[in-house]
Structure formats: structure tokens, C-alpha cells
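Asker: Numbering (the working numbering), first residue to last: -1 to 757. Glycine is no exception: its CB is placed at the ideal position from the N, C-alpha and C atoms.
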Ligand code: SF4
Ligand code: SF4
């Protein structure tokens, strides 16, 4: 249907104080395909919204441009049904609150440009039609420990069917080995029981949960809403699930690497896990002679926080030693306990637990660096400690030593195989007939598997997904699944697959339970979103999806390689095969495609190109340069709006276009901007690198990578490199924005105006 547009301009929130709204209303509709253009005193007032609804009805409008406040304000107020596209133009934040000039013409042009960009946007987009299919709302939970069971029960209690897969022949995980747990109730000073059996029983008897014990996942093929899961437990029938929770937990750091701390030197040097097992068996005995120990030394951070061993803190080992010290002191009141630490970390209410242990006259704490740990032949172990608080080196002699070892995620694999090894393994499996070849579909599945293996990320084989980029969750650091730790902690780089508990981050049982509820909720949101054809966060509710005009595809594979979420498989020739339910609608594929054949109904190349073209170029070139800013909607745009709300001002020569992600920036837009007379282009995106903040993981990184092409292009056009800049802006760095803009204007001033201007 042809667009029929109504434009509405708000006079409130200082807009009418800075802009001549009546003149704006007169000017913006002129000569354009606009059915009506009106102003309202207060656009968010009920009467104003009602007026728009009446106009939609009477004038048969199917596009509405609202020039008022940011779309982040009252997001639902200006939604007028699925057949009416609404574009919000931030006259308040981008014009009224962020600019101060006596030059009325500059303010007029600024406001007109933003409204015209809104108009270009609605004229070059369509209401999205969701991609839907018959999908499953069942959830797969991998791991039958407390995290997995809690998540499974939460999801099942909410009315969803759950398949819980556990590799052991019983549920419980590590908690089955624990005798007591850290205090959870005031005054937080005593150990508590954990009622594991009730949890196990409630899971095993739950009508909505099917428990698969002694089972692992052989393959999970497909995409959210339709993952087809096969198990390695003789179950013949695969089943389909909509989302997956990975709760495969952690494993202890390999103590064989801890010879320096005495492991393997003496049998009486054990790990905290071994200590827990002894307690569970009812006996704490010295391994060498089976006698009750009269003294035990706990060595904290055994290998942890040491770049040569386990570089991070597992956050629980200090409290585990406090707990085990209590075991020893309660069992053998005459025994002495020594806790030797670098730092003792017992956060939040656990401080009370620490204080309680400090008050025990048989437990001694000392800070120091562990030197040699030796076995004396007198049946005791000597721990040499230097740099103590007393300033002297000391020796602690004890009947037993317990190493407080850290937690390693099950997604971490030692001696990881290279891609070629993985491929060889797959070929071997095929030859050995482990993968049946008779049914066409299974052959196809294997093809997918082979491709997945070919591009496999280094890591575990727990989920055995059929993604081009690998069979399991991409890991970021230390083997933990990549996750947006700040905003979306359960999120992984596989849409609708959520990591929970010790596999996501080192954590204790209480945190794992909290985590499990969060991931359970996410798994439900995912299956419900997929059923509606809607994106999961961060673009929750977005009904658009990328469409590929494949007749013009050159099989360059850029989109399939750059998609951060593995949403695009490819055929043998390299033509992309989209999996729409894996897609997060970031637009990275659109930014990547040199043929510009990827479009979203409500976000596309032509939309932004037309927005650029809709910006007027003043005749007085030298007095009024023009800068185009592509700003990421996720962090940089809220930062910009925060600066505006604090009335921080920036130069009125700048025009802003929001992008879903800097990764969605197609370099053609920079060419468009320069050929339309812009003097410079600035890109504001999220932080990249190890501590990235990009909501779409690799968007900022890819934008930087594409800048190489832009620089090349600038060279060909004999234009200065300085005309295009990229900046990383965290949401908290709003105060930097005016300076970034003003400095860029100075740079442009020094290189001169765009020589192609006006051509
Ligand atoms: S790059 Fe983004 S928009 Fe494109 S297919 Fe992948 S997730 Fe979807
Ligand atoms: S980037 Fe474009 S041309 Fe290249 S494979 Fe993808 S769709 Fe085809």
C-alpha cells in the first residue's frame, strides 16, 4: 500500500521555545507525499494521541511521524496498530535540549532535517510481517545438578514441558557430595543443611518433566523453536524443543598441576573436593595412615589468581575452607586449623560467617605467600609461608593440607583439538557407521555437523549444535561461554540457549539457584517470542527479519562469516541459508553484504540512504559545514540523550542517524554522505575487545574492520582519512559526547570542506 503520512509536531518540553513550530509545520510537508502536518501543545496528552487516532481513521493514514521526545519515552503511547508505521523524531533531545544558538535559521534547518529524516524513514519502510512456523515451546535442560533441576522445575511449574538430561545415573550434581552449605539465614554464622532429596523428588515426579539419566546429547540440530535433539542413551526417538538451558556445571581445577603446593608430594595433601567427599563418607582421616588429623592447614588460592595456573578467583573457595574448618573443629574439637590466604574473600552476609570462624580459638588465619610444601618423613607436611603480616617467614606443620582449588567450567577443554582434528573425528564416526547414513535427513544432519565441525569454536562437545561456527557455545575467556555480562548475563551467542550456574561463572549454590530462575525465565521468553516470530532481547518484540535477494548473491560468504549469532548456514556454493529463529535482528549481515541484498522491512540500505539524502545542504558551505553521525541505538544513543537531558550542548552542524548496531553500517552510506556534501562522518558505537559492551557482540569490532575499506575508498576519492572517525562510547560516558563532536568539527575545519560539495 502506498504510504499516506501524517506529521505531528509537539510544542512542549521547550521545543516551541527553541524552534518556530508553526513555521516547521508549514515547511516540512511542502512538496512531499504528506497528507497532513499538525502541531500539538503537549503530544503525550491523551487528547493529542486521540486526535492522531481520529486522523488515522478519517484520513486513512498508514504512516505517522511524531516530532516530540525520544522513542525511549512512552514507547507504547504512539503505537497505532500493526498497519500503521510510526516514526518518532527526537526534536526534544536532538534539537531543543542539546542546542543553543541565536541563529534561528540553524535551528529551523536542524528541526526540518530531523523531521525530513523521519519522513524518509517511513516512506522507505514497511510494517514488518513476522516469520512464523509451527514451533515447540518445550525446553531442554542439560545438567541435573541444582542449577539444572531448579531451572527445569521453574519452567515446568510455569506450565512448559521440560526434558532434563543428566549424564550420571542420578540427579543432584555436586550438591550430592556436600554435607552442609553456607549459611543462608540470619545471623549467617552457622552451616546449614540443603534439602537436595526434596528437590530431586519434586523434579522426578513432576508431570511436565521427563528426566533422561545416564544420557548425553548426541546432536541438537536446527534453530530455536525447532531444535531436534537426539540423545546418546539408546532413546530412539529424537524430540523437539524450543529453547535450551545449559547447566552442565563446573569441574575442579586439575590438582595434578599443583605439585608446587604439595599435591602428589604427600598423600596427605588433598583438595577441597576430596575433603568434602571424606566428610560425606562420615570420616575425616589422614590418607597416609587413616588416623584422625590433629592439625590441618588450608592453602587458599591453590593455583587460583595466578596467571600460570587458574588466572581468576572462583569466589567460593575461601568460604569452602571456612566451612571445612568448621567440619574439622566440630568433629575433632582438639584439632588445630590453619588457614593461609592471599586475601580472604567472604562477601556480603558471609562476613558474619567469616567473623564466626575468626572467633574460634582453634582456627588460625595468616596471610602470606606459599613457598615450598614438603613432606618430612615424620608423617607431617610442612608449608613454608613468606611475606606474612608479621614480616617473617614461617613454617606451618600439619597432619594434612587441604588445597582450596578453583572452579573450571565444563565448557573448557584441555588440549583442545584443532579444526582439522575435529573434521577427522567426524569422518571417522561416519566410517565407523556411528552416524547412520540410510535416511536422507540424517545424512543432511551430518553434513551440517561436518560444516559445524569445520568451523568449530574451541570448546566442549556438550550440546552438539549444528551451527556453522561450532558445535557448542562460543567461549570468551577461560572457557566460560561468551555472554554480555553487564546487560544479559544468561545470554549466550546462540539464540535461545542460556547458560546457568557454574558453567556460566564460578558461583555458590545460592547464586546458582538465583541464576536458574533467571535462565528459566529467559528460556520461556525465548519460546514465546519465537512462536510469535519476534526477536528476543535486545530487540525484544521486533517482528522484522533479514530477507536475502539471493538472485544477486555472489556467494562471498561475508554475511555467514560475520553473523555474530550463527544464524546463517550456507550451501555448498556458499549461498546463505538463513535460520530466522536464530536471528537477533542486529543487521550485521546487512552491513556486511557488498551487494546490498539484505533488507529488513523496517531497516534497510535504501531507508538510510534516503534519510541521508533528505538532509538539506546549506548554500553557505564554509559557514555551515555538515557532519553526519551514525549512532548505535544501544549505548551511544541513550548516552547522547542523557547528555541532552542534562542540557549539555553540541554543535548544530551535526545530524544524527541511529543504527541498530555499528555492525549494521554498510559502507555505502559513508559514500552516500560524502557524495551528498557532508564534510565528515562520525560513528559512535559500543566498546569492543575483551571487555566488549556491544549488545550484538561483534558489531563495533566489525565496524572498525570495515573502516579499512572506507579508508581505501577515501584514498581513491583523494579525500582525507580524517573525514571519518569511529568512537567507542559507554552509556556512562555521556559527558564525553559534546567534546567528541566539537573536536571532530575542529578536525574538519582543519582539513577543509568536502571538495565534492555541490557537485
Ligand atoms: S547478522 Fe544479525 S540480522 Fe543478520 S542474520 Fe545474523 S543475527 Fe540476523
Ligand atoms: S554477503 Fe551478500 S553477496 Fe555475500 S554471501 Fe551474503 S548475501 Fe551473498
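1) Among 356, 67 and 722, which has the Cα closest to the Cα of residue 701?
2) Check for me: the beta strand (DSSP E) holding residue 248 runs from which residue to which?
3) Within 10 angstroms of the Cβ of residue 450, are there 16 or more other Cβ atoms? Answer buried if so, exposed if not.
4) Please go through the same chain and pick out, in chain order, the residues whose beta-carbon is closer than 6 Å to the beta-carbon of residue 114, but skip the five residues on each side of it.
5) On the criterion of 16 or more Cβ atoms from any shown chain inside 10 Å, does residue 61 qualify as buried, or is it exposed?
6) Going by DSSP in three states, residue 363 sits in which element: helix, strand or coil?
7) With hydrogens ignored, establish whether the beta-carbon of residue 598 is closer than 6 Å to any heavy atom of ligand 2.
8) What is the rounded straight-line gap between the Cα of residue 446 and the Cα of residue 753?
9) Using a Cβ-Cβ cutoff of less than 7 Å, which residues in the same chain neighbour residue 606 once the five nearest sequence positions on both sides are dropped?
10) Under the criterion of a Cβ to heavy atom distance below 6 Å, does residue 583 qualify as lining ligand 1?
11) How many Å lie between residue 757 and residue 751 at the Cα?
12) If you drop the 5 nearest sequence neighbours on each side, which residues of the same chain put their C-beta closer than 7 Å to that of residue 320?
13) Using 8 Å as the cut-off, can you tell me whether the segment 655 to 665 makes contact with the segment 580 to 587, which would need three or more C-beta pairs spanning the two stretches below that distance?
14) Confirm the yes/no value for this check: CB of residue 586, any heavy atom of ligand 1, distance under 6 Å.
15) What does a CB cutoff of less than 6 Å around residue 65 pick up in its chain, not counting 5 residues either side in sequence?
16) In chain order, what residues of the same chain have a beta carbon less than 7 Å from the beta carbon of residue 27, not counting five sequence neighbours either side?
17) Leaving out five residues on either side along the sequence, give the residues of the same chain with a beta carbon under 6 Å from the beta carbon of residue 590.
18) Can residue 557 be considered in contact with ligand 2, in the sense that its beta carbon sits closer than 6 Å to one or more heavy atoms?
19) Rounded to whole angstroms, what's the CA-CA distance from residue 688 to residue 695? Just pull it up for me.
20) So the candidates are 626, 371 and 339; which of them puts its Cα closest to the Cα of residue 382?
21) Would a C-beta distance cut-off of 7 Å place residue 508 and residue 498 closer than the cut-off?
22) Please list, in chain order, all residues of the same chain as residue 349 whose beta carbon is under 7 Å from its beta carbon, the five residues on each side excluded.
23) Can you tell me whether residue 434 is buried or exposed? The criterion is at least 16 other CB atoms within 10 Å of its CB, across all chains shown.
24) Would you identify the three-state DSSP class for residue 168, choosing helix, strand or coil?
25) Are there three or more Cβ pairs, one per stretch, closer than 8 Å when the segment 94 to 101 is compared with the segment 631 to 646?
26) Within a Cβ cutoff of 6 Å, which residues of the same chain sit near residue 553, ignoring the five residues on either side of it in sequence?
27) Alpha carbon to alpha carbon, what distance is there between residue 216 and residue 259?
28) When you compare only the Cα positions, how much space is there between residue 261 and residue 395?
29) Would residue 491 be called buried (16 or more neighbouring beta carbons within 10 Å of its own) or exposed?
30) Using the Cα positions of residue 542 and residue 126, report the straight-line distance between them to the nearest angstrom.
31) Sort out for me which residues DSSP pairs residue 723 with in a bridge.
32) If I follow the unbroken alpha helix (DSSP H) through residue 587, where does it start and stop?
33) Measure the Cβ-Cβ separation of residue 460 and residue 470 and say whether it is below 7 Å.
34) Report the partner residues of residue 226 according to the DSSP bridge assignment.
35) Between which two residues does the alpha helix (DSSP H) harbouring residue 512 extend?
36) Within the continuous alpha helix (DSSP H) that includes residue 310, where are the two ends?
Answerer: Let me lay it out:
1) Nearest Cα to residue 701 within the set 356, 67 and 722: 722.
2) 248 to 250
3) With a pLDDT of only 39 at residue 450, under the threshold of 50, the placement of this residue in the model should not be trusted; the figure read from the coordinates follows. Classification for residue 450: buried.
4) These residues qualify, in order along the chain: 612.
5) That one is buried.
6) strand
7) no
8) With a pLDDT of only 43 at residue 446, under 50, the local geometry of the prediction cannot be trusted, and the value read off the model is given with reservation. Computed Cα separation, rounded: 51 Å.
9) 655 and 667
10) yes
11) Between residue 757 and residue 751, the C-alpha separation is close to 13 Å.
12) 344, 351, 352 and 355
13) yes
14) yes
15) Its chain contains 7, 87, 89 and 113 as the residues whose beta carbon lies nearer than 6 Å to that of residue 65, once the 5 sequence neighbours on both sides are disregarded; these appear in chain order.
16) 5 and 35
17) 556, 557 and 560
18) yes
19) 10 Å
20) 371
21) no
22) none
23) At residue 434 the pLDDT is 46, less than 50, meaning the model places this residue with poor confidence and gives no usable figure here.
24) coil
25) Contact between the segment 94 to 101 and the segment 631 to 646 is present: three or more C-beta pairs spanning the two stretches fall below 8 Å.
26) 571, 572 and 573
27) 39 Å
28) Going from the Cα of residue 261 to the Cα of residue 395 covers about 16 Å.
29) buried
30) 5 Å
31) Looking at the DSSP assignment, residue 723 forms a beta bridge with 680.
32) 586 to 590
33) yes
34) 219 and 238
35) Where residue 512 is concerned, the enclosing alpha helix (DSSP H) stretches over 507 to 530.
36) That residue, residue 310, is in no alpha helix (DSSP H); it is neither H nor E in DSSP.
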